[in-house]
Amino acid sequence: MIDRLSLSGRRAIVTGAGAGLGRATATLFAEAGAHVLCVDRDAGAAGETASAIGGCFAAVDVADRMSVQKALASFATGGVDILANIAGVASSGERVEDMDPARFEAIFAINFKGTLNCIQAVLPSMTAARRGAIINMVSSAIDLAIPTNASYSISKAAVAMLTKVLANEVGADGIRVNAVAPGFVPTGLSMEAAGPAVADRAAYLERWSKSAPLGRVGTPEDIAHQCLYLASDASAFVTGQILRANGGMTMPW
4 MIDRLSLSGR RAIVTGAGAG LGRATATLFA EAGAHVLCVD RDAGAAGETA SAIGGCFAAV
64 DVADRMSVQK ALASFATGGV DILANIAGVA SSGERVEDMD PARFEAIFAI NFKGTLNCIQ
124 AVLPSMTAAR RGAIINMVSS AIDLAIPTNA SYSISKAAVA MLTKVLANEV GADGIRVNAV
184 APGFVPTGLS MEAAGPAVAD RAAYLERWSK SAPLGRVGTP EDIAHQCLYL ASDASAFVTG
244 QILRANGGMT MPW
């Protein structure tokens, strides 16, 4: 049964691989046997991850459709078995009445359009091979109506629906599409987005820990293992699902 978690011989693309959840996922995929293309707009960070895991890298802004097509299509000529869309940005902390349209567009361009751009770049290869696993990164924000978090929440809710629609469209082609919705994980991105609220880091993390029945915040490795499950044959009968790895913080019916 453990062999079903192996990614031996498979080719994977991980976006946002320069740090946080993306780096943890790229690392775990490589440990499971995959050859990984590490994608990040920070070339140095992507290269560092790739060097550590024996993969390759591409410096790409996922919001730039043409750059995505060029970089991912080149890797896809050898076939793509797995796409993990982890690149993203957080919200600006504005109330709805104060939302800046330009800021909203910038967040949506990366979180939703970036995910879509990467999907469209690899689908021809996956469709031709009649197999593939796509994992999108959403958030517990799709379930929690958090004040001042509308831009981020809306972009991630759109990715959740994209996941379900695409799963219906490509299931007959042997392609599975799922998403992971993490609870709070203290990465550089999430802590930066919190701004002044983390003046007392210990107290801030304690508040998040108390919001989950398991009594703790998540780690990048917690989320990476969910991505490994969804990328592997262990989830061969799973598609169109949102895996809520959040310590029980939300429990939708």
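Whatever position you read off the sequence shown (first residue = 1), add 3 for our numbering. Even glycine gets a Cβ: it sits at the ideal position worked out from N, Cα and C. From a predicted model like this one, the values you see are computed outputs, not experimental measurements.
Below 9 Å between beta carbons: does that hold for Asn88 and Thr118?
-> Result yes, Cβ atoms of Asn88 and Thr118 sit closer than 9 Å.
Helix, strand or coil for Asn249 per DSSP?
-> Correct three-state label for Asn249: coil.
Tell me, to the nearest whole angstrom, how far the beta carbon of Ala258 is from that of Gly19; I am working on the premise that it is less than 8 Å.
-> Nothing about residue 258 can be read from this structure; the chain reaches only from 4 to 256.
Look at the Cβ atom of Ala160, then the Cβ atom of Ala144, and state whether they are nearer than 9 Å.
-> Yes.
Ignoring anything shorter than 3 residues or poking outside the stretch 97 to 170, list the beta strand (DSSP E) runs there in chain order.
-> Within the stretch 97 to 170, the complete beta strand (DSSP E) runs of at least 3 residues are 135 to 140.
If you count every other CB in all the chains shown that lies within 10 Å of the CB of Val99, and 16 or more means buried, which is it?
-> Exposed, because fewer than 16 other Cβ atoms sit within 10 Å of the Cβ of Val99.
Straight-line Cα distance separating Gly82 from Pro127 | So the two alpha carbons sit approximately 10 Å from each other.
Which residue's Cα is closest to the Cα of Asp101: Thr52, Ala153, Leu147?
-> With distances taken between Cα atoms, Asp101 lies closest to Ala153.
Around the Cβ of Gly23, are there at least 16 other Cβ atoms within 10 angstroms (buried) or fewer (exposed)?
-> Classification for Gly23: buried.
Anticipated Cβ contact below 8 Å, Cys41 with Val65, distance rounded | Taking a contact as a CB-CB distance under 8 Å, the pair Cys41 and Val65 does not count as one, their CB atoms being some 13 Å apart.
Expressed to the nearest angstrom, what Euclidean distance is found between the alpha-carbon atoms of Gly251 and Ala205?
-> Approximately 21 Å between the Cα atoms of the pair.
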